[in-house]
Amino acid sequence: MDISREELLDIYHTMQKIRLFESKVRDLAVAGEIPGFVHVSIGEEASAAGVCAALRQTDRITSTHRGHGHLIAKGGRLDRMMAEIFGKRTGYCKGKGGSMHIVDYSLGILGANGIVGGGLPIAAGSGLAAVITGKDDVTAAFFGDGASNEGTFHESLNLAAVWKLPVIFVCENNGFGEFTPMATVTSVTDIAVRAQAYGIPGHIVDGNDVLEVFKYTSEAVARARAGEGPTLLECKTYRWEGHVVGEAAFLGEEAYRTKSEVEAWKLKCPLIRFQKWCAETGKISTAELQRIVADTEKELADAIEFARASELPDVSEVTDDVYAP
Amino acid sequence: MPQLNFIQAINTALAEEMERDPLTFLMGEDVILSAFGATKGLIDKFGPKRVRNTPISEAGFVGAAVGAAMAGTRPICEVEFASFFYCAFDQVCNQAAKLRYMSGGQATMPITFRAVFGAMGGAAAQHSETVYAQFLSVPGLKLVVPSGPSDMKGLLKSAIRDNNPVIVFEHGGLGRLKEEVPGGDHLVPLGKAAIKREGKNVTLVAIGAMVPKAMKVADKLAKENISVEVLDPRTLIPLDEDAILASVEKTNRVVIADEGHLRGGAAADIAAIVADKGFDFLDAPVRRVTSLDVPIPFSPPLEKAAIADEARIEAAIRDVVGR
Ligand SMILES: Cc1ncc(C[n+]2csc(CCOP(=O)(O)OP(=O)(O)O)c2C)c(N)n1
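And the structure:
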């Protein structure tokens with residue numbers, strides 16, 4: 000596969016940022032320092048990092064309620080994300096969106112979304128805009144296995160297929176929609192096969208292998224840029240944490256999955272897997288990877304300081320931004 | 000009488016009605032484990048045939064509830080957060096609400112929809128909305144907004160026994176509120192308002208989570224000899240217009256408090272009814288206290304600023320009573 004050292008370092012940096020940022024966000028949520036619902040994607044870092052590594056800045060993404068990783072991978076700044084999660088006016092959305100709704104137009108982040116399946120038609124529309132304006136930008140839509148049962152999934156795939164839109168549909172299949180195991184509510188074992196119904200390619204990808212994700216995404220990007228239309232990628236992965244931070248308090252432990260299942264998946268950690276690959280191939284030294292961890296820790300500490308020190312919005316701002324001028 | 004919170008009241012009502020009528024069944028996202036606890040444990044009593052986790056597909060499963068109702072069962076269909084109704088709007092408004100009418104009375108639609116609504120602390124705009132106003136101009140639906148555990152149980156039981164699509168809106172901020180709830184067949188009829196507190200200077204019509212706030216304001220103002228009558232309509236369709244007008248005839252003043260938006264909201268609707276049918280009773284303009292016309296923001300100070308609160312209710316009352 001054609002991938003530079005620079006790109007490899009970036010990929011690892013992205014995965015570290017997601018892992019450390021979300022671990023911290025989880026702790027802050029448990030400590031009651033963050034309002035609202037918090038969903039983290041710890042364990043799923045490879046799909047966000049691998050997909051976005053194959054995109055450029057002018058490409059766009061849509062994301063989900065579990066979106067921190069996607070936003071970070073697309074270049075979202077930790078300080079402004081953290082400030083938003085704290086509800087501060089220095090946050091990406093001036094404190095009006097919070098964890099589930101972060102947007103950064105300058106980076107092509109069309110938004111995390113609190114509505115499951117809400118981002119898919121938006122991604123199709125973003126692809127359509129690229130076609131209409133004659134740009135070869137592509138749009139990647141992240142969504143879960145659960146979202147693939149929403150009507151929006153089917154309508155968006157059909158539309159993108161029939162109009163050959165430059166869209167990559169990225170299903171992060173972590174096996175659950177909230178607390179419901181996928182198998183009990185989904186008619187197929189592999190979401191990727193649903194691509195057949197719309198006449199587009201569908202691939203099952205090891206979602207814990209960032210390089211495999213990168214490879215399949217790069218192919219889908221090339222296809223999309225060439226005007227050949229959308230691709231459906233299904234990244235098989237697993238979330239280590241609960242659906243929402245704090246769920247054990249009301250559900251109890253092991254309400255819908257066993258500890259040993261979680262432990263088994265932790266052995267497939269995408270970061271450790273990447274480290275091993277680096278060691279085996281000699282592409283990146285352990286020292287370099289460690290330096291990335293240290294840099295990320297510093298970046299994160301600064302982000303938290305920034306968020307804590309930032310002001311809450313003034314209540315006079317409550318009616319701002321309802322309508323465009 | 001047992002003390003129950005809002006969630007326990009829902010759970011009890013569901014269990015009792017499912018026990019009573021084998022044609023009832025529960026469907027929705029994660030109703031087996033239950034995020035809010037309202038459906039917790041029902042799987043153990045009624046089994047997987049009658050307690051069903053649906054795919055995350057609001058249009059799909061709301062439509063399925065419509066079909067199941069037309070085919071002779073009585074679905075109780077949970078739509079988690081009420082904002083998700085937007086994903087299923089066609090099924091609720093074009094199908095569930097209209098098919099009886101359009102089939103000349105052939106179809107019967109005994110569906111109970113349940114959904115959590117309202118600001119509950121940083122849930123942001125897509126999970127905090129008060130959406131019942133969006134259904135006010137959809138004939139064929141009934142809308143229920145309980146303000147406490149006892150009414151919750153009684154209204155939900157009536158909703159389940161009703162032969163029409165009824166949406167029961169459960170405020171997410173009321174979950175822990177406790178009160179005595181009658182056991183057994185405690186039914187609160189749909190379309191009957193409750194006077195939660197008698198008074199003579201002003202009628203305060205309060206909806207849902209505004210009722211506890213209204214009671215506090217009324218307590219406070221009583222110390223200054225401003226006597227506030229708190230009226231809880233309990234159901235928005237049918238609406239107990241007679242009770243509202245009778246109260247206004249007695250007090251000659253009215254303030255309407257609602258967590259919905261100002262434009263096109265439930266408060267607007269009630270204000271219009273009072274102006275239309277009770278104009279001669281009024282000694283002061285009708286005042287509405289609602290949330291601001293903004294999507295509900297995430298950040299705590301902004302969320303608080305957006306939602307109608309006790310201070311605003313109090314100010315509106317002082318305004319109409321001239322003190
Ligand atoms: C339209 C809609 N329905 C339901 C929900 C509640 N909800 C939030 S996340 C979630 C599960 C989503 O599962 P999946 O798409 O597989 O994503 P995952 O959480 O596994 O990443 C549900 C049901 C919602 N936010 N929006």
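As given, the protein sequences belong to chains Z and E, one line each in that order.
Residues in the first sequence are numbered consecutively from 0, following numbering that gives the first Met the number 0.
Residues in the second sequence are numbered consecutively from 0, following numbering that gives the first Met the number 0.
Every residue gets a Cβ at the ideal spot worked out from N, C-alpha and C, and that includes glycine.
With 16 other Cβ atoms within 10 Å as the buried cut-off, status of residue i
{"i": "Leu54 (chain Z)", "result": "buried"}
{"i": "Tyr100 (chain E)", "result": "exposed"}
{"i": "Ile269 (chain E)", "result": "buried"}
{"i": "Met181 (chain Z)", "result": "buried"}
{"i": "Arg73 (chain E)", "result": "buried"}
{"i": "Ile6 (chain E)", "result": "buried"}
{"i": "Pro1 (chain E)", "result": "exposed"}
{"i": "Ile131 (chain Z)", "result": "exposed"}
{"i": "Gln289 (chain Z)", "result": "exposed"}
{"i": "Glu171 (chain Z)", "result": "buried"}
{"i": "Ser186 (chain Z)", "result": "exposed"}
{"i": "Lys363 (chain Z)", "result": "This structure leaves residue 363 (chain Z) out entirely; chain Z is present only between 0 and 324."}
{"i": "Tyr237 (chain Z)", "result": "buried"}
{"i": "Asp282 (chain E)", "result": "exposed"}
{"i": "Glu304 (chain Z)", "result": "exposed"}
{"i": "Asn173 (chain Z)", "result": "buried"}
{"i": "Ser33 (chain E)", "result": "buried"}
{"i": "Glu233 (chain Z)", "result": "buried"}
{"i": "Lys275 (chain Z)", "result": "exposed"}
{"i": "Pro232 (chain E)", "result": "buried"}
{"i": "Ser327 (chain Z)", "result": "Because chain Z spans 0 through 324 in this model, residue 327 (chain Z) falls outside it and cannot be assessed."}
{"i": "Phe278 (chain E)", "result": "exposed"}
Proximal residues to residue i (C-beta, below 8 angstroms), its chain only, five neighbours per side dropped
{"i": "Arg18 (chain Z)", "result": "Ile41, Glu44, Leu270"}
{"i": "Leu230 (chain E)", "result": "Ala192, Ala193, Ile194, Lys195, Thr202, Leu203, Val204, Ala205, Ala242, Ile243, Ser246"}
{"i": "His260 (chain E)", "result": "Thr129, Ala132, Thr289, Ser290, Leu291, Asp292"}
{"i": "Trp239 (chain Z)", "result": "Ile41, Gly42, Val261, Trp264, Lys265"}
{"i": "Gln15 (chain Z)", "result": "Leu270, Ile291, Val292, Thr295"}
Cutoff 6 angstroms; reference residue i; Cβ partners in own chain excluding five residues on either side
{"i": "Glu57 (chain E)", "result": "Phe83, Cys86, Ala87"}
{"i": "Pro145 (chain E)", "result": "Met151, Leu154"}
{"i": "Leu158 (chain Z)", "result": "Ala123"}
{"i": "Met17 (chain E)", "result": "Thr23, Phe45"}
{"i": "Asp205 (chain Z)", "result": "Glu211"}
{"i": "Arg51 (chain E)", "result": "Met26"}
Identity of the residues DSSP links to residue i by a beta bridge
{"i": "Ala205 (chain E)", "result": "E:Ala256"}
{"i": "Gln125 (chain E)", "result": "Its beta-bridge partners do not exist; DSSP assigns none."}
{"i": "Met26 (chain E)", "result": "E:Arg51, E:Cys76"}
{"i": "Ser290 (chain E)", "result": "E:His260"}
{"i": "Leu399 (chain Z)", "result": "Examination of residue 399 (chain Z) is not possible in this model, given that chain Z is present from 0 through 324 alone."}
{"i": "Leu232 (chain Z)", "result": "Z:Val169, Z:His202"}
{"i": "Phe83 (chain E)", "result": "DSSP lists no partner for Phe83 (chain E)."}
{"i": "Asp341 (chain Z)", "result": "This structure cannot speak to residue 341 (chain Z), because chain Z is shown only from 0 to 324."}
{"i": "Leu8 (chain Z)", "result": "According to DSSP, which records beta bridges pairwise, Leu8 (chain Z) is partnered with nothing at all."}
{"i": "Asn4 (chain E)", "result": "E:Lys177"}
Given residue i as reference, the closest of the options once Cα atoms are compared
{"i": "Leu291 (chain E)", "options": "E:Asp29, E:Ala266, E:Ser33", "result": "E:Ala266"}
{"i": "Glu248 (chain E)", "options": "E:Gly259, E:Leu235, E:Glu228", "result": "E:Glu228"}
{"i": "Thr318 (chain Z)", "options": "E:Val319, E:Glu313, E:Ala305, E:Gly321", "result": "E:Ala305"}
{"i": "Leu142 (chain E)", "options": "E:Phe116, E:Leu25, E:Leu281, E:Ile236", "result": "E:Ile236"}
{"i": "Ile33 (chain Z)", "options": "E:Pro299, E:Asp257, E:Phe80", "result": "E:Pro299"}
{"i": "Thr183 (chain Z)", "options": "Z:Gly251, Z:Asn148, Z:Gly94, Z:Gly124", "result": "Z:Asn148"}
{"i": "Val166 (chain Z)", "options": "Z:Pro200, Z:Gly174, Z:Ile101", "result": "Z:Pro200"}
{"i": "Val137 (chain E)", "options": "E:Ile55, E:Pro164, E:Phe80", "result": "E:Pro164"}
{"i": "Val332 (chain E)", "options": "E:Met17, E:Ala114, E:Leu13", "result": "The first residue shown for chain E is 0 and the last is 322, placing residue 332 (chain E) beyond what the model contains."}
{"i": "Arg325 (chain E)", "options": "E:Lys215, E:Gly174, E:Arg233", "result": "Residue coverage of chain E in this structure runs from 0 to 322, which leaves residue 325 (chain E) outside it and unanswerable."}
{"i": "Ile114 (chain Z)", "options": "E:Phe80, E:Gly139, E:Ala106", "result": "E:Phe80"}
{"i": "Ala219 (chain Z)", "options": "Z:Leu164, Z:Ile2, Z:Lys235", "result": "Z:Leu164"}
{"i": "Leu70 (chain Z)", "options": "Z:Thr230, Z:Gly107, Z:Ala82, Z:Thr57", "result": "Z:Gly107"}
{"i": "Ala124 (chain E)", "options": "E:Pro296, E:Arg322, E:Ala314, E:Glu309", "result": "E:Pro296"}
{"i": "Ile9 (chain E)", "options": "E:Asp20, E:Leu41, E:Pro21", "result": "E:Leu41"}
{"i": "Val48 (chain E)", "options": "E:Ile31, E:Leu135, E:Gly183, E:Asn200", "result": "According to the sequence as given, residue 48 (chain E) is Lys; it is not Val. Selected option, being the one with the closest Cα: E:Ile31."}
Chain-order list of residues whose beta-carbon lies under 7 angstroms from that of residue i (same chain, five-residue window excluded)
{"i": "Lys267 (chain Z)", "result": "Asn207"}
{"i": "Leu299 (chain Z)", "result": "Leu19, Phe20, Lys23, Leu77"}
{"i": "Ile55 (chain E)", "result": "Glu28"}
{"i": "Val91 (chain E)", "result": "Val61, Phe84"}
{"i": "Ser157 (chain E)", "result": "Leu186, Val187, Pro188, Leu189"}
Within the stretch 145 to 216 of chain Z, ranges of the beta strand (DSSP E) (whole runs, at least 3 residues):
166 to 172, 201 to 205
Going residue by residue through the stretch 221 to 274 of chain E, where are the continuous alpha helix (DSSP H) segments of at least 4 residues, counting only ones entirely within it? 240 to 250
Practice prompt. Please list the segments of the alpha helix (DSSP H) lying wholly inside the stretch 114 to 199 of chain E, counting only runs of 4 or more residues, in order along the chain.
Written response: 148 to 160
Whole alpha helix (DSSP H) elements within the stretch 105 to 145 of chain Z, 4-residue minimum = 118 to 132
Item to complete: May I have a chain-ordered list of the beta strand (DSSP E) segments no shorter than 3 residues that lie completely inside the stretch 30 to 94 of chain Z?
Response: 59 to 61
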